[in-house]
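Chemist:
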Amino acid sequence: MLSVSRKEGEMNLLFDKDAEGSIQDTVKMCTWELLEGKILLELPEGMEKMPAERQEKYYPYEGRPEIILEHMECDVQITFQMLEKKLKPEEVYKAVHEIYKLIDKAFPKYKKTKIYLADDGEVEIGWFLMEMEDGGKEHMKAVFSAMEKIALLTVTYKETEKWKWRVLGRDILASMRLEPAYENNSKGGILWNR
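The sequence shown stops at residue 194 when you use our numbering, and every number in between is there.
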């Protein structure tokens, strides 16, 4: 079973609604640990583990992600899961294309963006967006290598909040760090797409 916990300590102020010219609500980011601290990432304050009964309601299928977090006030869910398939860091771009094809085949009616590679943080991550107009939601699907296995992170939010959460989603991805023993894909650079 995968583990997740919020690290105690100070929060980082990402947006300040009282700053001059700001139209964004205040957002504070907290550090969360996945896999007993092997993966660290910053998530907005207010994220909590989703209770089992709510997991059954929102993810009523076998094979649902082992880690499901939610922000009740914002109606946002963040899921994380590890797949047994091997993935080296240099294969992330190819892997995100394969996952994109699978999702496109399973959900052809939903509009998807092109694939992006975020290497502006410490971990190289392939990601794309999927708009689900009929449910009023949008997903940010991210793929990366952790311990040389495929790791999937999904951020689901209301379509009406997409401009806020697209920015926050990229900040979440850029904040991701691997424990030094697992830093097999350390990067630094820019956000680009193909």
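In this text, a Cβ means the ideal position worked out from N, Cα and C, and glycines have one as well.
1) Within the segment 78–165, note down every full beta strand (DSSP E) run reaching 3 residues or more, in order along the chain.
2) So, helix, strand or coil for residue 73, using DSSP?
3) Report the residue from 124, 47, 110 whose alpha carbon sits nearest the alpha carbon of residue 133.
4) Rank 67, 151, 147, 162 by C-alpha distance to the C-alpha of residue 131 and give the top, closest one.
5) What three-state label does DSSP hand residue 53 in the structure shown?
6) Can you tell which of 68, 73, 91 has its C-alpha closest to the C-alpha of residue 81?
7) Within the continuous beta strand (DSSP E) that includes residue 62, where are the two ends?
8) How many angstroms separate the CA atom of residue 39 from the CA atom of residue 160?
9) Strictly by DSSP, which residues pair up with residue 42?
10) Near residue 151, which residues of its chain fall below 6 Å by C-beta distance, leaving aside the five closest residues on each side in sequence?
11) Residue 157 and residue 179: beta carbons closer than 8 Å?
Modeler: To lay it out plainly:
1) List check, beta strand (DSSP E) in window: 116–118, 125–132, 137–146, 149–158.
2) coil
3) 110
4) Nearest option by C-alpha distance: 162.
5) helix
6) Comparing Cα positions, the closest option is 68.
7) Counting along the chain, residue 62 falls outside any beta strand (DSSP E), and DSSP gives it neither H nor E.
8) 30 Å
9) Per DSSP, the beta bridge partners of residue 42 are 31.
10) 82, 144
11) no
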